[in-house]
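There are 2 protein chains.
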Amino acid sequence: MTETPRRRVPRAEREAQMRAVAEEIFAERGFVAASMDEIAERCGISKPMLYEYFGSKEGLLVACIRAARADLAATTTAAVVGAAGPEDALRRGLVAFFRFTDARRRSWSLVLRNEAAVAGPAATAEVEAGRQQQVEIDIALFSAFLPHAPRLDLEAAAQVVVGACERLSLWYVGRDDVTAEQAADHLMRVLWTGLRSMLDPGPDDTVDGTVDSPTWTPVDRGIDAPTSG
Amino acid sequence: MTETPRRRVPRAEREAQMRAVAEEIFAERGFVAASMDEIAERCGISKPMLYEYFGSKEGLLVACIRAARADLAATTTAAVVGAAGPEDALRRGLVAFFRFTDARRRSWSLVLRNEAAVAGPAATAEVEAGRQQQVEIDIALFSAFLPHAPRLDLEAAAQVVVGACERLSLWYVGRDDVTAEQAADHLMRVLWTGLRSMLDPGPDDTVDGTVDSPTWTPVDRGIDAPTSG
DNA sequence: GAGGTAACTTACTTGAAGTAAGGTGAACCA
DNA sequence: TGGTTCACCTTACTTCAAGTAAGTTACCTC
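Heads up: the protein sequence lines correspond to chains A and B, in order.
According to numbering that gives the first Met the number 0, the first sequence is numbered sequentially starting from 0.
According to numbering that gives the first Met the number 0, the second sequence is numbered sequentially starting from 0.
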């Protein structure tokens, strides 16, 4: 037992480690039951370090959420690049989303199953910002291809998509007999016809999967920090 | 200042008061920041009473959620009775839902904005049970009128509806320029065509609002307690 | 009005969030 | 090679809220 004599680790690396451990423990015990002492211990350091780097327990959670959010945004954005049209773009995005939530199911529930708001306003804001980001992406997608629709309709439609995604991902993650593609297909079948007709009430066959528009290139807006202070 | 000398109050009445006060304070401060001492004080009693009646802070939250859940179920169920067909039934249910969330917006966010899971497994289960209840109601509605669809599709569709409702209600509650009816209309327009075609892929005009079926009478399953012990 | 019980209280323990103040090792300069 | 420095890290606290043990008091019943 040659007790490693506590190596000193540069800030960035230590921070990443702390985030990883915290994500794990939050997912394991829930935010309230998780203790900063335990997180510190499993990192092999002492508690004040956590406070030094993240300010508070909530701050630590916010950092976890933000990191996950960045990952998700990058993943889905990448998946959508080069889609053949709006339908294809939406489907690709959905598949990427469901794959992501499946791969990180434990820590995903940290956000989805609502571990967040408990922590306080900052964590709530962070989660809400993530949803809003998705809403904006959806709106951009819809309006790029279907410019006739009024803003209110776009927004409502985007909210519907985001809500449906969120719930369906939990359902999907809980079943082994459904693939990400199938989940996306389910959602597309329910949503697409309605979305199309609602957003663009022109002749019914104008848009039909493959479209005259060029390939879809999403807006990359990265993470828009709500309040970093 | 004739300090009312602390009237003694029967259990049922006191419990109701405690729930009301707790709902208020939870909504006001968030679950974590709310203190049992403050709740007790605002009730005009001392803390151990809360523990006597609800067992724990989480227990108190669970009681609040369950009460709200019962209200919601009763409200929507009542609204749907006597609908002219599946579309009408769904629309009525949605309108009732949005009205409900609007009327109780503060405490609703207690559930929706995720104040729940923070508390622990019991509160999470309670919220999830509420959603599942909605899912079951939707499934019953769909399958009663559209019996051709496989169970998996019904379930996926119901999840989509519940998720969309949840998100759209938050959106709707945050705006003064949208009525409950408009929110329901938005949702119906996005969902209904897809739902209809997905659930019953027969001739496209078989179902069209008014239907040959008799008026819709929902299953009243009340509150199905997850684990009361 | 005696007695029992449901409603209620005071006064504590426990445990985790957050903090003050100081130790230590590695990089860098002479 | 030795000293200086600063980022990394610790010990040892304070504070505050959840939860509890044990006892007290008003109301109801006979």
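Using N, Cα and C, we set each Cβ at its ideal position, and we do this for glycine too.
Note down the Cα distance separating Ala69 (chain B) from Gly92 (chain B), rounded to an integer number of angstroms. 15 angstroms
Output yes if chain A places a C-beta closer than 8 angstroms to the C-beta of Val31 (chain B); else output no. yes
Among residues of its own chain, excluding the 5 on either side of Arg18 (chain B), which ones have a beta-carbon nearer than 8 angstroms to its beta-carbon? Leu59, Ala62, Cys63 and Ala66
Using DSSP's beta-bridge definition, name the partner residues of Ala148 (chain A). DSSP lists no partner for Ala148 (chain A).
Listed in chain order, which residues of the region 176-196 of chain B have Cβ atoms closer than 7 angstroms to some Cβ of chain A? His185, Leu186, Arg188, Val189, Leu190, Trp191, Thr192, Gly193, Leu194 and Ser196
Does the CB of Gln131 (chain A) have a neighbour CB from chain B at under 8 angstroms? no
Backbone CA spacing between Ala143 (chain A) and Val134 (chain B) [nearest angstrom]: 33 angstroms
Closer than 8 angstroms to chain B by CB, Leu167 (chain A): yes
By the criterion of Cβ-Cβ separation under 7 angstroms, what are the contact partners of Ala163 (chain B) in chain A? Val159, Gly162 and Ala163
Show which residues of chain A have a CB atom less than 7 angstroms away from the CB atom of Ala156 (chain B). Val189
Considering Pro85 (chain B), what are the terminal residues of the alpha helix (DSSP H) in which it resides? Pro85 to Ala102
Determine the chain B residues that contact Trp107 (chain A) at a beta-carbon separation under 8 angstroms, and present them in chain order. The premise fails here: Trp107 (chain A) is roughly 13 angstroms from chain B at the closest Cβ pair, so nothing lies under 8 angstroms.
Identity of the residue in B:Pro9, B:Tyr50 and B:Arg6 nearest Ala21 (chain B) by Cα: B:Tyr50
Candidates A:Lys56, A:Arg150, A:Val8 and A:Glu127: which alpha carbon is nearest Gly29 (chain A)'s? A:Lys56
What do you get for Arg195 (chain B), buried or exposed, if any count of 16 or more other CB atoms within 10 angstroms of its CB means buried? buried
Would you call the region 143-153 of chain B and the region 157-170 of chain A in contact, with 3 or more CB pairs under 8 angstroms? no
Backbone CA spacing between Glu165 (chain A) and Ala182 (chain A) [nearest angstrom]: 12 angstroms
Environment of Arg7 (chain A) [buried if 16+ CB atoms lie within 10 Å]: exposed
His147 (chain A): buried (16+ other C-beta within 10 angstroms of its C-beta) or exposed? exposed
Is the CB-CB distance between Leu145 (chain B) and Val189 (chain A) below 8 angstroms? no
Quick check on this structure: which residue in A:Met48, A:Arg10, A:Ile24 and A:Phe53 has the alpha carbon closest to the alpha carbon of Ala121 (chain A)? A:Phe53
Does any residue of chain B have a CB that is nearer than 8 angstroms to the CB of Pro202 (chain A)? Only weak support exists for where Pro202 (chain A) lies, its pLDDT of 49 falling under 50; the coordinates are left without a value.
Inter-residue Cα distance where the pair is Ile38 (chain A) and Arg13 (chain A): 13 angstroms
Helix, strand or coil at Ala82 (chain B) according to DSSP, with G and I counted as helix: strand
CB-CB under 6 angstroms to Asp203 (chain A), same chain, minus the five flanking residues each way: which ones, in chain order? Summary for Asp203 (chain A): the model assigns pLDDT 45, below 50, so the residue's position carries little reliability, and this model does not support an answer.
Where Val79 (chain A) falls, given that 16 or more other Cβ within 10 Å makes a residue buried: buried
Could you check how far apart the C-beta atoms of Thr75 (chain B) and Ala95 (chain B) are, in whole angstroms? I think they sit under 8 angstroms. 5 angstroms
Select from A:Val31, A:Arg104 and A:Ala11 the residue whose C-alpha is nearest the C-alpha of Asp175 (chain A). A:Arg104
Do you know how far the Cα of Ser108 (chain A) is from the Cα of Ile24 (chain A)? 12 angstroms
Evaluate Ala253 (chain A) with the Cβ neighbour count: other Cβ atoms within 10 Å of its Cβ, from every protein chain shown; 16 or more gives buried, anything less gives exposed. The displayed coordinates of chain A run from 0 to 228. Any statement about residue 253 (chain A) would go beyond what the structure contains.
Beta-carbon separation of Ser168 (chain B) and Thr100 (chain B) under 8 angstroms? yes
Looking at Ala73 (chain B) and Leu140 (chain B), is the spacing between their C-beta atoms short of 8 angstroms? no
Identify, in the order they occur along the chain, each residue of the same chain with its Cβ nearer than 7 angstroms to the Cβ of Ala179 (chain B), setting aside the five sequence neighbours on each side. Val94, Phe97, Arg98 and Asp101
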